[in-house]
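Here the protein sequences line up with chains G and V, keeping their order.
Last residue of the first sequence: 277 in numbering that gives the first Met the number 0, with the numbers rising by one and none dropped.
Last residue of the second sequence: 283 in numbering that gives the first Met the number 0, with the numbers rising by one and none dropped.
Cβ atoms here follow ideal geometry from the backbone N, Cα and C, with glycine treated the same way.
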Amino acid sequence: MATPQQQQSLKDPVTETNAKPAVTTAKADAKLKLTARNINFFYGQFQALHDISLDIPTNKVTAFIGPSGCGKSTFLRTMNRMNETLRNTRVEGDLKLDGENLLGMDVTDVRRRVGMVFQKSNPFPKTIFDNVAYGLRVNGIKNRSVVAEAVEQSLKRAALWNEVKDKVNKPASALSGGQQQRLCIARALAVEPEVLLLDEPCSALDPIATLKIEELLFQIKDITTIVIVTHNMQQAARLADFTGFFLMGKLIEMDDTKKIFQNPGKKETEDYVTGRFG
Amino acid sequence: MMMEISASRRIVNAVMLTLSGVCTVLVVSVLFFILGYLLLHGVSSLNWDFFTKLPKPSGETGGGMANAILGSAKVLLLATLIGVPIGFLAGVFLAEYSGKNFAFAIRYVVDLLNGVPSIVIGIVAYTLVVRPMGHYSAFAGGTALGIMMIPIAVRTTEEFLRAIPNNIREGAMALGATRAKTIFTVVIPAAISGLTSGMMLNLARVAGETAPLLFTALGNQFWSNGYLAPIATLPVMIYNYAIAPEEDLHQQAWAAGFVLLTLVLIINVTARLIIARGPAAQRR
């Protein structure tokens with residue numbers, strides 16, 4: 000199953016020196032949640048992604064970094080086929096979720112299995128409870144006690160339960176920015192996605208709210224595979240097991256996070272992570 | 000030289016400010032003039048009989064316009080049932096589904112429809128409903144007013160749905176909701192206060208229409224039987240009584256005008272209250 004590329008990227012000798020035990024990497028190597036091969040993406044005539052091939056290991060945090068407009072968000076939105084909601088776009092290549100052809104699956108099924116949290120928190124103008132219950136109800140779960148239990152569990156996982164347990168029937172808009180973003184994470188977790196995509200989830204939040212989200216992401220990686228796009232390199236370094244660097248629509252390199260930040264293989268990566276990019 | 004220019008500028012500025020101020024006062028006073036005039040002439044003829052009794056021939060006292068008040072309500076109900084769903088769903092299509100060029104074309108056609116004179120809409124309803132049925136009816140009147148409501152219903156729906164940020168749609172679709180599910184469970188509920196008040200303003204706008212009703216709903220001196228018979232409405236009643244020679248009928252027309260205007264104002268104010276409360280209620 001593993002291609003030569005993965006072998007190279009995941010079994011790099013540098014991993015041995017990491018705090019993480021080597022066995023984690025070996026396990027990740029064996030279990031890949033998403034595999035992308037030769038993904039090209041077009042907005043009309045403009046090609047936004049060039050020949051992206053990478054693997055997302057199961058129950059790990061994978062981060063994509065790179066300057067604005069480099070294609071990292073576009074690639075993220077390819078993985079739950081969110082780009083299809085935009086007109087005049089086209090994707091080419093091979094994308095597999097657990098070995099299944101993701102691009103050929105029923106799109107609502109893909110989005111249930113691959114959840115997403117957006118840059119700007121986007122709670123629905125409904126109550127806190129109804130926000131978290133939305134995904135369940137859309138997917139046909141109507142049983143009240145089942146929904147209520149899932150809502151509570153999701154809010155707990157998103158580290159929001161203690162703050163909102165007395166006001167779940169209040170409008171979600173009453174929450175602070177950081178709470179709203181955690182609500183959006185709870186909402187995504189409620190449908191028990193196998194993968195959770197996060198598109199710069201903390202870029203509009205203060206450092207304390209950011210820290211809370213990072214902590215909760217760390218907690219939930221046992222139950223879901225996390226892919227996060229971030230502009231904040233410290234965040235990638237803190238959170239991610241693996242990091243990919245995008246530049247001008249291309250994946251420059253993807254490797255163990257430590258290696259990307261301490262000993263990158265490519266000059267462009269080094270320039271970017273050391274702040275010499277320009 | 001410099002002084003002269005600035006002096007003339009000051010004068011022009013003062014003149015323009017005064018002119019626009021006077022015109023503003025004029026605009027505001029028109030409404031109060033109409034209100035005051037109707038109050039003056041109408042209220043004296045208003046009594047309990049006006050709201051509960053059928054019209055009486057000129058010379059007899061104690062007649063009312065109960066049938067026209069109920070008739071207007073019935074015709075407006077029909078108009079809403081016809082105009083709002085068609086306009087609303089077309090607006091949903093325009094805002095949520097159609098491409099840019101197609102939307103431009105539809106919007107243009109809708110604006111043209113909005114500009115069609117109401118008397119012409121009346122003729123259309125006459126041709127489509129009255130002729131095939133063979134008689135005038137409340138349904139024909141409702142059809143005429145319903146057609147008049149369509150363009151505003153389309154544009155109101157489109158505007159309020161477009162005002163809902165796209166990230167909410169994305170949020171719902173990212174949870175596995177289809178586009179239709181997203182629209183009906185997230186987007187429309189988010190816009191509901193604006194949509195409701197928009198439709199109410201739309202209704203208030205056609206409530207006073209007379210021309211399209213003249214040869215569709217026709218009018219009736221008695222209680223109307225259901226929706227398929229000619230029916231009395233306030234605007235047509237005002238028209239008929241105002242052109243009649245008898246003074247006591249003129250008084251009745253003033254009273255009807257006052258009632259109609261009051262109803263329209265109530266709908267208007269209610270609609271604005273709904274829209275003012277909508278977003279605030281969500282923020283609370």
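- Message: For residue 235(V), report the span of its alpha helix (DSSP H) as first-last.
- Response: Here the alpha helix (DSSP H) through residue 235(V) covers 233-242.
- Query: Quick one: which chain V residues come within Cβ less than 9 Å of residue 190(G)?
  - Reply: 174 and 175
- Residue ranges of each beta strand (DSSP E) within the region 34-83 of chain G, 3 or longer: 45-56 and 60-64
- Proximal residues of chain V, C-beta to C-beta of residue 200(G) below 7 Å: By Cβ distance, chain V contributes nothing, its closest Cβ being about 13 Å from residue 200(G), past 7 Å.
- Item | Straight-line Cα distance separating residue 137(G) from residue 176(V) | 6 Å
- Task: Tell me whether residue 276(V) is buried or exposed, calling it buried when 16 or more other Cβ atoms sit within 10 Å of its Cβ.
- Result: exposed
- Item | Simplified DSSP assignment, three categories, for residue 97(G) | coil
- Task: With DSSP as the reference, please indicate the residues paired to residue 212(V) in a beta bridge.
- Result: Paired residues: none, contrary to the question.
- Counted within 10 angstroms of its Cβ, other Cβ atoms place residue 192(G) as buried (16 or more) or exposed: Residue 192(G) comes out buried.
- Buried or exposed for residue 222(V), please, with buried defined as at least 16 other CB atoms from any protein chain shown within 10 angstroms of its CB. The residue in question, residue 222(V), is exposed, as its Cβ has fewer than 16 Cβ neighbours within 10 Å.
- Residue range of the unbroken alpha helix (DSSP H) whose run includes residue 138(V): In this chain, the alpha helix (DSSP H) harbouring residue 138(V) covers 137-161.
- Message: Which of the three DSSP states is assigned to residue 282(G) in this structure?
- Response: Nothing about residue 282(G) can be read from this structure; chain G reaches only from 0 to 277.
- Query: What span of residues does the beta strand (DSSP E) with residue 241(G) cover, start to end?
  - Reply: 241-246
- Between residue 42(G) and residue 84(G), is the Cβ-Cβ spacing less than 7 Å? no
- Listed from N- to C-terminal order along the chain, which residues in the region 91-105 of chain V have their beta-carbon within a distance smaller than 8 Å of any beta-carbon of chain A? Note that chain A does not occur in the displayed structure, where the protein chains are G and V.
- Query: So who's on the other strand from residue 255(G), going by DSSP bridges?
  - Reply: 241(G)
- Item | Extent of the continuous alpha helix (DSSP H) to which residue 224(G) belongs | In this chain, residue 224(G) is not harboured by any alpha helix (DSSP H); it is covered by the beta strand (DSSP E) spanning 224-228.
- Message: Three or more C-beta pairs under 8 Å: does that hold for the region 42-56 of chain G against the region 246-256 of chain G?
- Response: yes
- Task: Look up residue 89(G) in the DSSP assignment and say whether it is helix, strand or coil.
- Result: Secondary structure of residue 89(G) (DSSP, three-state): strand.
- Message: Can you tell me whether residue 281(G) is buried or exposed? The criterion is at least 16 other CB atoms within 10 Å of its CB, across all chains shown.
- Response: Absent from the model: residue 281(G). The displayed extent of chain G is 0 to 277, so no value can be given.
- Query: Buried or exposed: residue 64(V), going by 16 or more other Cβ atoms within 10 Å of its Cβ?
  - Reply: buried
- Item | For residue 112(V) and residue 54(V), believed in contact at Cβ under 8 Å, the rounded distance | Not a contact, Cβ separation roughly 35 Å.
- Item | Contacts around residue 201(G), its chain only, beta-carbon distance under 6 Å, and the 5 residues preceding and following it disregarded | Within the same chain, residue 201(G) has close Cβ partners 209 and 212.
- Message: Tell me the rounded alpha-carbon separation between residue 189(G) and residue 153(G).
- Response: 5 Å
- Message: What would DSSP say about residue 76(V), mapped onto helix, strand or coil?
- Response: helix
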